[in-house]
Every structure is written in structure tokens, then in C-alpha cells.
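Written below as C-alpha cells is the structure these notes are about.
Numbering (our numbering), first residue to last: 36 to 114.
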């Protein structure tokens with residue numbers, strides 16, 4: 036499986052040493068949470084997750100598509 040993990044928003048500030056796009060290949064299905072750990076990103080800072088542009092709320096969701104783009108956004112603050 037080929038996964039394009041895209042960091043957006045505050046995650047670019049939290050992980051300045053990471054590229055905006057992280058390309059990961061896995062031999063088979065993987066959960067969002069496991070993918071984040073594999074990329075060196077804490078699942079706790081992933082507040083918004085998009086899979087091919089569709090928002091998901093479950094970090095235990097299994098990714099089983101051959102090619103996929105996952106966008107991760109960090110905490111949003113404002114006032």
C-alpha cells in the first residue's frame with residue numbers, strides 16, 4: 036500500500052523537522068493510529084483526519100486502499 040500522509044495546520048509547527056508530505060509504504064492494511072506512530076507523530080495531536088478528502092473520527096479506522104492520501108490537522112485554537 037502507498038500512503039501519502041500530509042501534515043497541515045499546527046502540525047507543521049509541532050513537527051518542524053517533518054516534511055509536509057510523508058510517503059509510507061505498508062505491506063498490508065494499517066490503522067490510522069498505527070500509521071501515525073510509524074511516521075513518528077503522536078495520535079493525540081491529530082484532531083482532524085481526512086482520508087481522500089473525507090473527514091473521519093475513528094483513529095482505529097483500517098486503511099485498506101492500495102493508494103490513499105491522508106491529511107492530518109493538529110489542534111485548532113482561537114478565541
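Idealized CB from N, CA, C, for every residue including glycine.
Exercise for the section: Would you be able to state if there are at least three C-beta pairs under 8 Å between the segment 46-54 and the segment 63-71? Expected result: no
Problem - Extent of the continuous beta strand (DSSP E) run through residue 59 - result: 56-60
Handout entry: Backbone CA spacing between residue 102 and residue 38 [nearest angstrom]
Key = 6 Å
Exercise for the section: Pick out whichever of 36, 63, 56 and 84 has its Cα sitting closest to the Cα of residue 111. Expected result: 84
Exercise for the section: Might you give, ordered along the chain, the residues of its own chain that have their beta carbon closer than 6 Å to the beta carbon of residue 99, omitting 5 neighbours on each side? Expected result: 64
Exercise for the section: Let me know the secondary structure DSSP gives residue 37 once reduced to three states. Expected result: strand
Problem - Alpha carbon of residue 81 to alpha carbon of residue 60, nearest angstrom - result: 20 Å
Practice task
Grab me the residues of residue 77's own chain with a C-beta within less than 8 Å of its C-beta, minus the 5 sequence neighbours each way, in chain order.
Solution key: 71
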